[in-house]
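Enquirer: The structure that follows is given in the form of structure tokens.
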Amino acid sequence: MAVNDRQQPTGATAPLRSRAWFGDGGKNGFIARHSLRAMGRGGHNFDGRPVIGICNTYSELTPCNGHLQILADAVKRGVLQAGGFPLEFPAMSLGEPIMRPTTMLYRNLAAMEIEEQIRANPLDAVVLLTGCDKTTPAALMGAASAGVPALVFTGGPTLNGRFRGRAVGSGTDVWRMTEELRAGTVTQEEFTEFETALTRSAGHCMTMGTASTMACLTEALGMMVPGGSGLPAVDSRRGTLAEETGIRAVELAGSDLTPQRIMTRAAFENAIRINAAIGGSSNAVLHLLALAGRLGVPLALDDFDRLGAELPLLIDLMPSGRFLMEEFAYAGGLPALINDLRDHLHHDTVTVTGRSLVDNCAGAEVHDREVIRPLDRPVQPAGTGTAVLRGNLAPDGAVIKQSAADPKLLSHTGPALVFDSLEDYLAVAEDPDLDVTADTVLVVRNTGPKGYPGMPEVGNVQLPKKLLDAGVRDLVRISDARMSGTAYGTCVLHVAPEAAVGGPLALVRTGDSVRLDVPARRLDVLIADDELERRRAAWQPPRAPAERGWSYLYDRHVTQADTGVDLDFLRGATDSTPPRQAF
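Numbering-wise (our numbering), the sequence shown opens with residue 1067 and increments by one.
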């Protein structure tokens, strides 16, 4: 068969991008083809069949993604079965447990790399293999900007941790056990034993942390095959779904079913409602805002409060409940929940299957009503999810995950105890003479996008040892940082503008009275406006900006939390036009 003879795949509406490389009968086509022949690729691969990129965020520095090579092989099988030409390529991997100062500093860099790799190479569709917290939003953002048909397939959660006869969850029980170790109620030997028992298989966190949340929301947005978000990493059915993903990627090649068409305003509204029902991570707010910005979809911080308040918490998973992702998957997973919620979701969204989200999940059954609750028997009532706060401490907004907080602290006024850095607080957290009580409002600032930099997951700072010894297990904490989706506590997060750019959080002083009123959606320091202005006039930036490399670019262009902490020059939709020739 001649170079240009093969028919385009069913559903194709435009010439395959790869023909600009492999379909050229002259010098440029020769160079593109012969370089792959050097890898043992036969000439039939260049006969017009779709080229499917497999973007793999595998890395030994990202244990959550350490098994993605196995899934990549399964995707390749699907691509080959469907008559496509699979080409795997690596992308920057973001390992939340290991990278410092935080993977959030590098989410946008990974998204840029993925976007540019897709655009610069002869790819007609792409499958993005992800897992750990920031790899999934980075892949979505990069694919959205590149404009090529794409599917995301996450690696799945680990099996449940098992410690002394009970199930334990990643993150959630780590925070709990760490505090009990500090309080002296858990020994170092018990703590070490717990460490060995927590993670029993490949996969990402099995609580409803950010990794599980973003997997579920990727499916809710329509960017993953149905059922792909919940099955454990080691479940053989995940390999089957990976094959199906490869097959579907071939079918999407050359079609107009791109991320821009799938991830519409209606799709984001579905995702926000589902996030409330699953008790999803507060980090989802940042990632969805950034993703919407890439697509040119109008989405605002207040949408999360308004739309999320429509549905109760229905999934009884840690950190807001009792169970873990393994039970969620076996209870029917996200398809069963979506089928339960069909009357509360948009029906006119399209997904990577070509059908609507609701149609994808029609007939999916719930097999355990303790894990996936009915609407008339929720874990927590509607309006108890992620709340958006405003006030003179957060004029551009802050968030709090109500379902993970102590209800008694959601309306609270107390004296501020203020620290200018995380290190300043940690240096005195063990001090038995620290001037702190259960009424104190702990403020740790300069931990935001620019201030740290990167906005790390330190918003749920450990409690002062003095309070732990007194039996206190929660405290109002306020910061411009994030917290892990696996974490819990009465933690006000994402305060915007952040302290490092002169936001009001920078002006609070120890002893000021701070009022948190979540029912009224308010966060205020109770001092006069003119006093705030006097303090503002005397304020000095806390640090010099970065002077080199990625940090230089990030520091000068990162946006604030209320718009997703993306880079300002990456907002807005783009297209997939092949770049100019190389030779």
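By construction, the Cβ of each residue, glycine as well, lies at the ideal position given by its N, Cα and C atoms.
Near Pro1167, which residues of its chain fall below 8 Å by C-beta distance, leaving aside the five closest residues on each side in sequence?
Expert: Taking the first residue of the sequence shown as 1, we reach residue 1167 at position 101. Contacts found: Tyr1518, Pro1519, Gly1520 and Pro1522.
Enquirer: Return the bridge partner residues of His1270 from the DSSP annotation.
Expert: Taking the first residue of the sequence shown as 1, we reach residue 1270 at position 204. For His1270, which the question treats as bridged, DSSP gives the partners Pro1223.
Enquirer: Going by DSSP, name the residue or residues bridged to Thr1452.
Expert: Along the sequence shown, one-based indexing puts residue 1452 at 386. Looking at the DSSP assignment, Thr1452 forms a beta bridge with Lys1467.
Enquirer: The beta strand (DSSP E) that contains Glu1182, what's its start and end?
Expert: Within the sequence shown, the letter at position 116 stands for residue 1182. It is not in any beta strand (DSSP E) - Glu1182 instead sits in the alpha helix (DSSP H) that spans Arg1173 to Ala1186.
Enquirer: Would you call the CB atoms of Ala1397 and Val1437 closer than 8 Å?
Expert: For the purposes of this step, residue 1397 is taken as residue 331 along the sequence shown, with counting starting at 1. For the purposes of this step, residue 1437 is taken as residue 371 along the sequence shown, with counting starting at 1. Result yes, Cβ atoms of Ala1397 and Val1437 sit closer than 8 Å.
Enquirer: Between the Cα of Gln1183 and the Cα atoms of Glu1162, Leu1153 and Thr1202, which residue gives the shortest distance?
Expert: Within the sequence shown, the letter at position 117 stands for residue 1183. When each option's Cα is compared against that of Gln1183, the closest is Leu1153.
Enquirer: Which stretch, first to last residue, makes up the alpha helix (DSSP H) that contains Arg1143?
Expert: Within the sequence shown, residue 1143 is the residue found at index 77, counting from 1. Leu1134 to Gln1147 is the extent of the alpha helix (DSSP H) around Arg1143.
Enquirer: Within the continuous alpha helix (DSSP H) that includes Ala1332, where are the two ends?
Expert: Here the question's residue 1332 lines up with position 266 in the sequence shown. Residues Arg1331 to Ile1344.
Enquirer: Using C-beta distances below 8 Å, list every residue in its chain close to Ser1267, excluding the 5 sequence neighbours before and after it, in chain order.
Expert: Position 201 of the sequence shown, counting from 1, holds the residue named residue 1267. Hits under 8 Å: Thr1224, Leu1225, Pro1298, Ala1299 and Val1300.
Enquirer: With distance defined between alpha-carbon atoms, name the residue in Ala1233, Gln1626 and Ala1337 nearest to Arg1548.
Expert: Sequence index remark: in the sequence shown, residue 1548 carries index 482 (1-based). Checked all of Ala1233, Gln1626 and Ala1337; the closest Cα to Arg1548 is Gln1626.
Enquirer: Here's the rule: buried if 16 or more other CB atoms are within 10 angstroms of the residue's CB, otherwise exposed. What is Ala1586?
Expert: Residue 1586 sits at position 520 when you count from the first residue of the sequence shown. Answer is exposed; the Cβ neighbour count stays below 16.
Enquirer: Let me confirm a value: Arg1232 is counted as buried when at least 16 other C-beta atoms fall within 10 Å, else exposed. Which label applies?
Expert: The residue given as residue 1232 occupies position 166 in the sequence shown. Counting Cβ neighbours within 10 Å, Arg1232 comes out exposed, since fewer than 16 surround it.
Enquirer: Taking the alpha carbon of Leu1662 as the point to measure from, which residue in Ala1565, Val1580 and Ser1579 has its own alpha carbon closest?
Expert: Examination of residue 1662 is not possible in this model, given that the chain is present from 1067 through 1649 alone.
Enquirer: Who are the near neighbours of Asn1122 in its chain, counting only those whose CB is closer than 6 Å to its CB and skipping five residues on each side?
Expert: For the purposes of this step, residue 1122 is taken as residue 56 along the sequence shown, with counting starting at 1. Same-chain partners within the cutoff: Leu1134, Ala1138, Glu1154, Pro1156 and Leu1195.
Enquirer: Reducing DSSP to helix, strand and coil, say where Cys1198 ends up.
Expert: The residue given as residue 1198 occupies position 132 in the sequence shown. Three-state DSSP puts Cys1198 in coil, outside helix and strand.
Enquirer: Less than 8 Å separating the beta-carbons of Arg1543 and Leu1508?
Expert: Taking the first residue of the sequence shown as position 1, residue 1543 is located at position 477. Taking the first residue of the sequence shown as position 1, residue 1508 is located at position 442. Yes, the pair counts as a contact, with Cβ atoms nearer than the cut-off.
Enquirer: Rounded to a whole number of angstroms, what is the C-alpha to C-alpha distance between Val1240 and Thr1251?
Expert: Along the sequence shown, read from residue 1 onward, the residue named residue 1240 stands at position 174. Along the sequence shown, read from residue 1 onward, the residue named residue 1251 stands at position 185. Their Cα atoms are separated by approximately 14 Å.
Enquirer: If you draw a straight line from the alpha carbon of Val1351 to that of Arg1107, how long is it in whole angstroms?
Expert: What you label residue 1351 is simply residue 285 of the sequence shown in a count that begins at 1. What you label residue 1107 is simply residue 41 of the sequence shown in a count that begins at 1. Distance between the alpha carbons of Val1351 and Arg1107: 43 Å.
Enquirer: For the pair the region 1417-1425 and the region 1373-1389, tell me if three or more CB-CB distances fall below 8 Å.
Expert: The region 1417-1425 is not in contact with the region 1373-1389.
Enquirer: Name the DSSP bridge partner or partners of Gly1091?
Expert: Locating residue 1091 in the sequence shown gives position 25, counting from the first residue. Gly1091 is not bridged to any residue.
Enquirer: To the nearest angstrom, report how far apart Gly1420 and Leu1323 are at their CA atoms.
Expert: Indexing the sequence shown from 1 puts residue 1420 at position 354. Indexing the sequence shown from 1 puts residue 1323 at position 257. Answer to the nearest angstrom: the Cα atoms are 8 Å apart.
Enquirer: Taking buried to mean at least 16 other C-beta atoms within 10 Å of its own C-beta, is Trp1087 buried or exposed?
Expert: By one-based count along the sequence shown, residue 1087 stands at place 21. Buried.
Enquirer: Given Lys1200, which residues of its chain have a CB within under 6 Å of its CB, disregarding the five upstream and five downstream residues?
Expert: The count along the sequence shown starts at 1 and reaches residue 1200 at position 134. These residues qualify, in order along the chain: Leu1160, Thr1169 and Arg1173.
Enquirer: In three-state terms, what does DSSP make of Gly1312?
Expert: Within the sequence shown, numbered from 1, the residue matching residue 1312 stands at position 246. Helix, per DSSP.
Enquirer: Three or more beta-carbon pairs under 8 Å between the region 1316-1334 and the region 1532-1543, yes or no?
Expert: With a cut-off of 8 Å, the region 1532-1543 and the region 1316-1334 do not count as touching, because too few Cβ pairs lie within range.
Enquirer: So Val1109 and Asp1190 are in contact, right, with Cβ under 8 Å, and what is the actual spacing, rounded?
Expert: In the sequence shown, the residue the question calls residue 1109 occupies position 43. In the sequence shown, the residue the question calls residue 1190 occupies position 124. Before going on, a small fix: residue 1109 reads as Gly here, not Val. With a Cβ gap of about 18 Å, Gly1109 and Asp1190 do not count as contacting.
Enquirer: How about Asp1540 and Gly1551: do their beta carbons lie closer than 8 Å?
Expert: By one-based count along the sequence shown, residue 1540 stands at place 474. By one-based count along the sequence shown, residue 1551 stands at place 485. Their beta carbons are not under 8 Å apart, which means Asp1540 does not touch Gly1551 by this criterion.
Enquirer: Candidates Val1494, Arg1511, His1560 and Pro1563: which alpha carbon is nearest Pro1530's?
Expert: As a working note, residue 1530 is residue 464 in the sequence shown. Checked all of Val1494, Arg1511, His1560 and Pro1563; the closest Cα to Pro1530 is Val1494.
Enquirer: Which residues in the same chain have their Cβ closer than 8 Å to the Cβ of Ser1348, if we skip the five residues on either side of it in sequence?
Expert: The residue you call residue 1348 lines up with position 282 of the sequence shown. Closer than 8 Å at the Cβ level, and outside the excluded window around Ser1348, lie Thr1452, Val1465, Ile1466, Lys1467, Arg1548, Met1549, Gly1551, Leu1559 and His1560.
Enquirer: Less than 8 Å between C-beta atoms, sequence neighbours within five positions excluded: which residues of the same chain meet that for Gln1147?
Expert: Stepping through the sequence shown from its first residue, residue 1147 is reached at position 81. Within the same chain, Gln1147 has close Cβ partners Glu1309, Gly1312 and Ile1313.
Enquirer: When the Cα atoms are used, what is the spatial distance from Ala1068 to Glu1179?
Expert: Here the question's residue 1068 lines up with position 2 in the sequence shown. Here the question's residue 1179 lines up with position 113 in the sequence shown. Here the model assigns Ala1068 a pLDDT of 36, short of 50, so the residue's position is not dependable and the matter cannot be decided.
Enquirer: When you compare each of Ser1386, Gly1345, Ala1358 and Ala1249 to Asp1472 by their alpha carbons, which one comes out closest?
Expert: Position 406 of the sequence shown, counted from the start, is the residue given in the question as residue 1472. Of Ser1386, Gly1345, Ala1358 and Ala1249, the residue nearest in Cα terms is Ser1386.
Enquirer: Distance, Cα to Cα, Asp1628 vs Asn1111?
Expert: Indexing the sequence shown from 1 puts residue 1628 at position 562. Indexing the sequence shown from 1 puts residue 1111 at position 45. So the alpha carbons of these two residues sit roughly 46 Å apart.
Enquirer: Let me know if Arg1339 comes out buried or exposed under the rule of 16 or more other beta-carbons within 10 Å of its beta-carbon.
Expert: Here residue 1339 is taken as the residue at index 273 of the sequence shown, counted from 1. When all chains shown are included, Arg1339 counts as buried.
Enquirer: If you draw a straight line from the alpha carbon of Gly1197 to that of Cys1282, how long is it in whole angstroms?
Expert: By one-based count along the sequence shown, residue 1197 stands at place 131. By one-based count along the sequence shown, residue 1282 stands at place 216. Their Cα atoms are separated by approximately 12 Å.
Enquirer: Using 8 Å as the threshold, is the C-beta distance between Lys1474 and Asp1621 below it?
Expert: By 1-based counting over the sequence shown, the position of residue 1474 is 408. By 1-based counting over the sequence shown, the position of residue 1621 is 555. The answer is no: Cβ separation not under 8 Å.
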